[in-house]
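Report on one structure; see the data block that follows.
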Amino acid sequence: MKFSINSLKYFENLYKWSDEPLVTDINVLTDKIGSQLGEIEELSEPGQKYDKALIVRVVSCEKHPNADKLQICTIDDSGRAENVERLEDGKVRVVCGAPNARAGINVVWLPPGAIVPSTYSAEPFTLEAREIRGVMSQGMLASPKELALGDSHEGILEIDDVIEPGTPFVEQYNLLNDLVIAIENKMFTHRPDCFGWFGIARELAGIQGKRFKSPDWYVYDAEMLKSDQTTLPLTIRNDIPELVRRFMAVPVADVKVRPSPVWLQLEISRVGLRPINNIVDLTNFYMLLTGQPLHAYDYDKVRGMDGPDASEATIVIRYPESGEKLKLLNGKEIEPRQEAIMIASDNKLIGLGGVMGGADTEVDDSTRNIIVECASFDMYAIRKTSMEHGLFSDAVTRFNKGQSPLQNAPVLSKILEEIIKISGGYIAGDVVDLNYLPDEVMERGSLHPDVNVEVTFINNRLGLDITTEEVSQLLQNVEFQVELTSRKMVDETDGKRVDSQTLTIRAPFWRTDIETPEDIVEEVGRLYGFDKLPLELPTRSIIPARKDPGFTIRKLLRDQLSLMGANETLSYSFVHGQTFERNGQDASYAFKLSNALSPDLQYFRLSLTPSLLEKVQPNIRSGYDSFALYEIGKAHCKGLMDEAGLPAEFERLAFVVASGSKTSSRLAGAAYYQAKQYLQHLMEVFIEQDKKVSFVPLVSYDNGNHVVVRQLVAPYEPLRSAVVLLDDSFVGIVGEYRSSVRKALKLPAFFAGFEIDLGVFTQTEKVGYATVSKYPGIEQDICLRVPYETSYQSVYDALANKLAEMKIDNSVTSLSPIDIYQRPDESSHKQITLRYRIASYERTLTDAEVAHVLQNAATAAAEDLHAEIV
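Using this note's numbering, read the sequence shown as starting at 515 and increasing by one per residue.
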């Protein structure tokens, strides 16, 4: 987004939108823009390219004696240019080939030493006095193209204003010391109003603590110019109101299409747009000014689309029909995507709504009657269309941010006034306003309902202590409506009733982003200045965090299963619909995803077992003949909700053990008993001893037709499986699988598993905690030479017991292994080394004290073990 500092100053004087100047110190302003508005991408000075350009008057034009298409022009610059060869009367001679060069007009002269503006950014071309067909020419008279004001180069630029000859071009057109600031567009993704100069100026006022007032004509309920007669009948039909919430248009007759005034060409060209003609330039100018894109159609061309006998122009907003094509203003022909917003006549497409107009209805030099459109299009539809067709126009930049439909009326009203002023003509029909906004929005003059927020809510989230009056002023500076009400509330800290002040805030009609109290917090923080927030680190308690029992038990289960030789898998909670069929489950009980990641992940799974079974065959195929797999995860089932009214989640542990043909023959017993052995070990470790665990054959178990139980046991063979009961309550299933399941998934014959509710497991292992001593600890090693048959555990226990008996009072100790070593030449003995660490809570211990304890304990242990201290 680009804007000119000089332009803002001009409009500030024109509209009196602030009592204080918005731009004083440019360095301070750019710093505030960077910290409170958006990142500055580029700073440029557009006036530099016109450094020596002068506005002069052509005094006379004579035919060049040696060239048919050249003229010798004598110009008056009031003697302003220096180092220029002059005639006796002080005038300057310039050779010119423009067909419109003639005496009495004002033009732009580039004297010797000036750079041609159109070459300024590429390879600057500096003019010099030179002889042309025998006549010395001092510089050149410039065309619009050479002045970087468009593509026209058939003639020199004519200036209709009354201007003193010799006036510098930059002074006449407000370019002197101008600065164009480009702000990174992504900073304004949620702020469509900031894609217009009004929005930028309002924000500059807000971040500087100054009050802003929009022009009187910029109001959501602006009155439209009335038509005395309907000479250009216009019918508009909107077939997709869900994507086009408001569409306004009006016909204008007898306009004169010609080049825009120079000031208008410069206003849009200095920020990167190309001047075309007065109608198109005005639509671009008011887009830049307000952020609202507009479009103008040639009325007669639109009417002609429906045949030579059409009595009126018709505009239809619709989707494209199959095979329709549209030639755009940029010359590109497209076949629009199926969901694109199209502007059409009764019979033919005339524009890609919100993106680009069609070439067949463009406004050109032959145009006499026009239709001016001001509409609001769905930003998501515009974004998708733009990306699919590779079209990135200035209208797209604004429409895909979600412009407010409430600003259509004032912008359309104002541009109609300017079109009539600059190009002539008159309103030739009633304004058509297809408005689908709710009545309460139009009555309120704001897109969203009022927001109620307490100042304490704002301060608590920003870490500030600003007053109600300060908050109100910050918001009112950028034209929010703020009302203050007081009420009694209970203070959360001491329970007392206190006075609380609530702000009722209504966003202006151009703001689309203010819906919640948090939006107000963000607005206040930005306007106040995030750089003013207190730089304090958050306080943090040093009290150890309480462990999550669920996290702890899952970790302990993983550790235990790993020790048992099982490997963990992690799979999606989503499965293909065929998974249910293969496992005998009913897909109607599964939640189906409306936006699945892929066709293979359409449903939430009903249990974990099917996901685990799908991992068996790939592992066997990869050469792993015997293995155990498990997964800890969640399952869901329709019809069962939790206390919050959300779908219930079942946390479970699923396990399978498999052996291929190479190893299954060596395993004793059925696969069922292998899986049951794993499960029983887990229950011995993680289920309290007073709990009653029983296994009931699945074939004889009455599940009461419970849907969750039915789906869980569906893959299992009833004659070779058992349900697991804990205190007579169903908690899971263990067993082998149906032959249909084994066949569908190519499972081995020796194959079984279980699936258990995770809630049955509890943490039985106690975790000790000892306070760390503030005094330094001492470490010493002891090495015992013992017979080879003596176990490490007996050595550790003997030494630990003796050290415990001789422990120094009020101290913390630890004993840990270092190594077990056997000399190559000594097979009957080995050496076991352990490290003893001790720290007192009362004082710093000495090496002698610790050595005495360790020596006595080691001697006693060595005697019991028939060992030798090394």
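We put the beta carbon where it would ideally sit given N, CA and C, even for glycine.
Scanning Glu838, Ile831, Gly548, Lys935 for the CA closest to the CA of Val769 turns up Lys935.
A Cβ-Cβ separation of about 19 Å leaves Asn861 out of contact with Leu746 under the 8 Å criterion. Contact check for Leu671 against Val598 fails: the beta carbons are separated by 8 Å or more. DSSP, read as helix, strand or coil, puts Pro1331 in strand.
One Cα belongs to Leu976, the other to Ile695, and the distance between them is close to 30 Å. With a cutoff of 8 Å on beta-carbon distance, Ser859 and Thr899 are scored as not near each other.
The stretch 1361-1373 makes contact with the stretch 1316-1331, as at least three CB pairs between them are under 8 Å. Sequence-distant Cβ neighbours of Arg594 in its own chain, meaning closer than 7 Å and more than five residues away, are Leu568, Gly680.
Here Pro952 is exposed, its C-beta having fewer than 16 other C-beta atoms within 10 Å.
Taking the CA atoms as reference points, Glu826 sits about 23 Å from Pro755. Counting only the Cα atoms, Ala719 lies some 32 Å from Val886. Contact check for Ile721 and Leu522: beta-carbon distance about 14 Å, past the 8 Å limit, so the pair fails to qualify. Look at Met956 here: in three-state DSSP terms it is helix. DSSP places Met856 in the uninterrupted beta strand (DSSP E) bounded by 856-858.
The Cβ atoms of Gly805 and Pro706 sit closer than 8 Å to each other.
In the three-state reduction of the DSSP assignment, Glu526 falls in the helix class.
Boundaries of the beta strand (DSSP E) around Tyr1230: 1230-1240. By the Cβ rule, the stretch 1095-1114 does not count as touching the stretch 1237-1246, because fewer than three pairs are nearer than 8 Å.
In the DSSP secondary-structure assignment, Gln1345 is bridged to Arg1299, Tyr1335. For Val869 against Ala909, the beta-carbon gap comes to about 7 Å, under 8 Å, which counts as contact.
A buried status is given to Thr875, since no fewer than 16 other beta-carbon atoms sit within 10 Å of its beta-carbon. Rounded to whole angstroms, Lys839 and Lys815 show a C-alpha spacing of 17 Å. Here Leu926 really is in contact with Met762; their C-beta atoms are around 5 Å apart, less than 8 Å. For Leu948, DSSP records a beta bridge to Phe761. Taking one beta carbon from each stretch, the stretch 1329-1338 and the stretch 1259-1277 have fewer than 3 pairs nearer than 8 Å; the two do not touch.
Cβ-Cβ separation between Ser960 and Ala1021: approximately 5 Å, consistent with a contact (criterion under 8 Å). Separation of Lys1190 and Arg897 (C-alpha to C-alpha, rounded to the nearest whole angstrom) is 58 Å.
Taken in chain order, the complete alpha helix (DSSP H) segments of 4 or more residues contained in the stretch 806-862 are 813-818. Two segments are said to touch when three or more pairs of C-beta atoms, one from each, lie closer than 8 Å; by this definition the stretch 662-671 touches the stretch 771-791.
If only complete runs of 3 or more residues are kept, the stretch 869-902 shows the beta strand (DSSP E) at 884-890, in order along the chain.
Each of Leu1127, Asp1156, Gly1153 was checked against the Cα of Ala1142, and the nearest Cα belongs to Leu1127. In the three-state scheme derived from DSSP, where H, G and I count as helix and E and B as strand, Leu1107 is classed as coil. Gly611 and Gly604 have their alpha carbons spaced roughly 23 Å apart. Of the residues Gln652, Asp591, Tyr634, the one whose Cα lies closest to the Cα of Glu642 is Gln652. Boundaries of the beta strand (DSSP E) harbouring Asp1271: 1264-1271, taken from the DSSP string. A contact is defined here as three or more CB-CB pairs under 8 Å, and the stretch 571-590 meets this definition with respect to the stretch 613-621.
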